[in-house]
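As structure tokens, the structure follows; a few thoughts come after it.
Residue numbers (UniProt numbering): 1 to 533.
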């Protein structure tokens with residue numbers, strides 16, 4: 001039961017990446033559009049103050065802000081696609097249909113039941129407009145619930161086929177037929193049940209928010225501590241996209257969640273000071289500054305004869321963390337050889353939220369320096385206090401360096417460059433990864449021809465017959481295997497460029513970083529899984 005629950009949670013967490021990873025793109029473009037309508041910037045660059053450029057900025061920002069008002073639909077389709085076992089495009093289309101049925105069914109039932117709010121404003125009524133239809137305000141939870149339900153129905157009934165005249169109603173069409181009464185009944189049930197859940201969610205958010213700095217510390221620490229399980233984004237996602245992260249009215253419209261509030265407020269020139277809720281999205285201190293201090297500490301504590309090698313290993317990893325916010329290559333370098341360092345890292349990450357809050361900083365930097373520059377600089381110092389964000393970051397750079405260096409030398413941790421002979425820890429740069437692919441094609445018997453690195457990976461996972469499912473998230477190849485004891489971690493790390501390997505029951509995660517998508521495609525091609533998962 002425990003293994004099945006873990007597998008289900010990991011599948012769900014992977015599915016969440018589909019909608020979550022597309023939203024930062026919208027956010028960056030909103031910030032970009034805001035550049036052309038920013039009054040302060042137009043004073044500095046007068047030639048931008050013309051109807052064409054300002055109109056372009058207004059259209060770009062206004063069109064993308066609409067995404068924030070339809071997160072339920074986005075999550076519903078995205079999660080269904082992520083959880084569907086096959087025919088993902090059809091599953092996503094089915095989810096869209098189910099979403100439309102649910103929204104209108106709930107509206108009609110609320111009308112018949114006499115609970116539909118009537119008034120000039122829905123503010124504070126617990127109801128909202130979804131695709132122009134008035135229903136209970138379930139926010140992104142509506143999409144999550146419907147996405148899971150649709151995926152379950154689709155996976156169970158999409159293979160059902162009929163004969164004769166009823167043949168046309170088989171397959172995915174039968175899944176939709178089954179889905180209709182399910183979502184109608186669900187809409188009726190949630191009309192009565194959801195207000196209690198919403199009250200509980202609001203109470204939890206209030207409790208955490210009223211916990212002040214302790215709540216911030218716990219949030220930041222847990223977000224890092226769950227990195228090994230791959231479930232860390234289940235901590236921050238509710239705070240970024242639901243009422244747990246706060247609710248603020250911007251331009252007459254209610255926005256819930258730190259990320260949504262931030263996007264809405266940067267798009268509205270009438271907002272003078274950003275909401276306190278955006279602090280939940282200030283996750284970049286450890287990524288952009290702290291882990292750089294950790295890298296420097298590992299370099300300075302490495303054996304003298306290994307410093308050249310350590311520099312070549314850590315610099316690409318540090319740059320990736322600083323620029324793109326991908327921290328796993330660094331974290332996995334000490335997570336298992338020195339767990340205490342990882343616990344300290346999580347604690348310092350949580351502490352960074354507290355310090356930013358104490359200095360009243362409202363700048364965000366969720367995914368590295370690129371995001372930080374695009375999101376904060378155009379808004380000016382008054383709204384974000386972004387210079388203080390950098391000051392805090394430098395403080396944590398020093399703190400990470402001093403603490404990591406002390407602990408490494410005190411406890412003689414075998415971090416990079418301090419390994420015993422023959423027991424080398426290694427990170428892989430993109431160049432080394434590409435070289436390993438070429439080498440494997442030339443030297444590995446199991447990967448001759450076009451199979452490339454995929455053959456080595458599959459063999460290291462116990463062979464094709466041992467692999468049950470293959471998926472991936474932002475940085476990890478996620479698999480379920482029949483016999484986890486057959487997984488060869490040494491080969492995965494030493495020959496395929498993996499930064500780390502995590503085995504939990506039958507769930508295996510192999511960390512490849514940003515190139516994981518190409519690795520996943522290669523493995524799919526090798527196993528003949530194209531179009532199935």
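Ideal placement from N, C-alpha and C gives every residue a C-beta, glycine not left out.
Close Cβ partners of residue i (< 7 Å) along its chain, the five nearest in sequence each way excluded
| i | result |
| --- | --- |
| residue 306 | 417 |
| residue 176 | 94 and 97 |
| residue 440 | For residue 440, the predicted structure reports a pLDDT of 43, less than 50, and the residue's modelled location is therefore unreliable. The matter cannot be settled from this model. |
| residue 277 | 245, 246, 248, 258 and 261 |
| residue 287 | 321, 325, 327 and 368 |
| residue 133 | 103, 104 and 107 |
| residue 193 | none |
| residue 203 | none |
| residue 90 | 172 |
| residue 381 | 387 |
Burial state of residue i, where buried means 16 or more other Cβ atoms lie within 10 Å
| i | result |
| --- | --- |
| residue 240 | buried |
| residue 398 | exposed |
| residue 312 | exposed |
| residue 169 | exposed |
| residue 423 | Caution is warranted here: a pLDDT of 46 is assigned to residue 423, below 50, making its placement in the model unreliable, and no coordinate value can be reported. |
| residue 466 | buried |
| residue 207 | exposed |
| residue 167 | exposed |
| residue 156 | exposed |
| residue 66 | exposed |
| residue 499 | buried |
| residue 19 | buried |
| residue 111 | exposed |
| residue 298 | buried |
| residue 269 | exposed |
| residue 164 | exposed |
| residue 445 | Low per-residue confidence applies at residue 445: pLDDT is 37, beneath 50, and the placement is therefore not dependable, though the value from the model is reported in the following sentence. So residue 445 ends up on the exposed side. |
| residue 273 | exposed |
| residue 329 | buried |
| residue 409 | exposed |
Cutoff 6 Å; reference residue i; Cβ partners in own chain excluding five residues on either side
| i | result |
| --- | --- |
| residue 76 | 95, 99, 143, 146 and 147 |
| residue 361 | 385, 388 and 389 |
| residue 492 | 460, 498, 501 and 510 |
| residue 353 | 216 and 220 |
Of the listed residues the options, nearest to residue i (C-alpha basis)
| i | options | result |
| --- | --- | --- |
| residue 220 | 211, 207, 212 and 236 | 236 |
| residue 106 | 514, 127 and 91 | 127 |
| residue 514 | 485, 321, 179 and 409 | 321 |
| residue 218 | 79, 343 and 197 | 343 |
| residue 242 | 491, 226, 257 and 66 | 257 |
| residue 527 | 503, 472, 506 and 458 | 458 |
| residue 153 | 178, 119 and 316 | 178 |
| residue 161 | 151, 150 and 173 | 173 |
| residue 32 | 377, 16 and 224 | 377 |
| residue 473 | 227, 250, 393 and 411 | 227 |
| residue 338 | 355, 87, 213 and 415 | 415 |
| residue 37 | 181, 379, 393 and 396 | 379 |
| residue 69 | 516, 119, 188 and 263 | 263 |
| residue 48 | 8, 35 and 138 | 35 |
| residue 503 | 512, 488 and 79 | 488 |
| residue 212 | 393, 375, 355 and 505 | 355 |
| residue 357 | 279, 30 and 275 | 279 |
Segment limits, alpha helix (DSSP H) that includes residue i
| i | result |
| --- | --- |
| residue 516 | 516-527 |
| residue 382 | 380-384 |
| residue 259 | 258-267 |
| residue 493 | 489-495 |
| residue 357 | 339-358 |
| residue 373 | 369-376 |
| residue 459 | 453-460 |
| residue 37 | Run containing residue 37: none; DSSP gives neither H nor E here. |
| residue 107 | 88-113 |
Enclosing beta strand (DSSP E) for residue i [first to last residue]
| i | result |
| --- | --- |
| residue 134 | 133-136 |
| residue 478 | 476-481 |
| residue 417 | Segment: none, residue 417 is in no beta strand (DSSP E) and carries neither H nor E. |
| residue 247 | 247-250 |
| residue 309 | Here residue 309 belongs to no beta strand (DSSP E); instead the alpha helix (DSSP H) covers 307-324. |
| residue 284 | Residue 284 -> no beta strand (DSSP E), and no H or E assigned at all. |
| residue 470 | 467-472 |
| residue 72 | Per DSSP, residue 72 belongs to no beta strand (DSSP E); it is in the alpha helix (DSSP H), 71-83. |
Same chain, Cβ closer than 8 Å to residue i, five either side skipped, listed in chain order
| i | result |
| --- | --- |
| residue 113 | 191 |
| residue 550 | Within the shown structure, residues of the chain are numbered from 1 to 533, placing residue 550 beyond reach of any answer. |
is_contact[residue i, chain C] using C-beta, thresh 8 Å
| i | result |
| --- | --- |
| residue 341 | The displayed structure is made up of one protein chain only, and chain C is not part of it. |
Original post:
Is there contact here, the region 313-325 with the region 341-348, by at least three beta-carbon pairs under 8 Å?
Top reply: no
**OP:** Say whether the region 514-527 touches the region 468-479, bearing in mind that this needs 3 or more beta-carbon pairs closer than 8 Å, one atom from each stretch.
**Re:** yes
Subject >> Cβ contact check for the region 67-84 and the region 48-58: 3 or more pairs under 8 Å >> reply: no
**OP:** Decide yes or no for the touch test of the region 266-285 against the region 360-380: beta carbon pairs closer than 8 Å, at least 3 of them.
**Re:** yes
Original post:
Is the region 400-419 touching the region 285-297 in the sense that three or more CB pairs, one from each, lie closer than 8 Å?
Top reply: yes
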